[in-house]
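Residue numbers for the sequence shown follow this note's numbering, beginning at 822 and rising by one.
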Amino acid sequence: MKQNIPEKGAVVQRDRETYAIKVHMPGGFTTPQALRTVADVAERHEIPTVKVTIAQRIALIGIPEEKIDAVRADLGDLEDGATGLCIRYVKMCPGATWCKRGQQVTYDLGMEMDNKFHRLQVPWKFKMAVSGCPNDCTEVCIRDLGLIGTSKGWNIMLGGNGGSRPRFSSLLLENVPTESEALTALEKVVAWTQSLDKKCRIGKVVEELGIEAIREEIFGK
Ligand code: SF4
């Protein structure tokens, strides 16, 4: 029976014969050129199913194992590759650039987050998001680490997850005033996560240690 091939970003499908490969599309933002490339790859390799995923990516589904390398090569930089124990994605809402309710601009910071963190190795699977206001359309409340824009800056949230035992994320830092400070704080949290000797979602670690102790350990406050 076939298994996932994490080093190729290939996820085995229900038929246990074919694979899905994802297209890297940070925050769901894309271009006509990228969409044409994806469509060309799907046609050229006769990929039967093309799906927009909940992680704001596109999945090419139903690829036979012998075609995986060729599909990846044809996707080039668009190939996502984030499978297994890594930071899978950074979801982004439209933020104050486009959304009338936005309190902070999400695009630049979200792209920086994707640039820095996407595919980084961590002890367990890890998902990130950024929302431009407390309506939280990207559901930072159930992501491992994320930002929620407020009128005063950014709330940094840690330890949320979905799944069969969902957990709401905990407030790690409140109203961090600037994008660069928020990004620096995220870098520290991710580095701390990478140093953990625990094989579980970060929400379990938050429950075990407590958010106050984690705040003290990472930021000394
Ligand atoms: S989280 Fe706020 S800013 Fe982002 S899309 Fe939702 S309402 Fe708009």
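In this text, a Cβ means the ideal position worked out from N, Cα and C, and glycines have one as well. Predicted model, so just to flag it, every value in this text is computed and none were measured.
- A distance below 8 Å separates the beta carbons of R909 and K946.
- Of the heavy atoms belonging to ligand 1, at least one sits nearer than 7 Å to the Cβ of G916.
- About 5 Å separates the beta carbon of L968 from that of V951, a gap short enough to meet the 8 Å contact definition.
- Rounded to the nearest whole angstrom, the C-alpha separation of N982 and L966 is 9 Å.
- Relative to the Cα of H845, the nearest Cα in the group N825, V833, T874, P869 belongs to T874.
- R922 sits away from N976, with the two beta carbons spaced by 8 Å or more.
- Taking a 10 Å sphere around the C-beta of L992, we find fewer than 16 other C-beta atoms and assign the residue as exposed.
- Burial of E900 is indicated by the presence of at least 16 other C-beta atoms within 10 angstroms of its C-beta.
- Contact check for S990 and L979: beta-carbon distance about 6 Å, within the 8 Å limit, so the pair qualifies.
- When DSSP reads this structure, V832 sits in a beta bridge with A841.
- If you check the CB distance, V1010 and L1017 do not come in under 8 Å.
- Straight across, the Cα-Cα distance linking Y928 with L856 is about 20 Å.
- The DSSP-derived three-state label of M822 is coil.
- The beta-carbon distance between G848 and K948, rounded to whole angstroms, is 13 Å. This is too long to meet the 8 Å contact definition.
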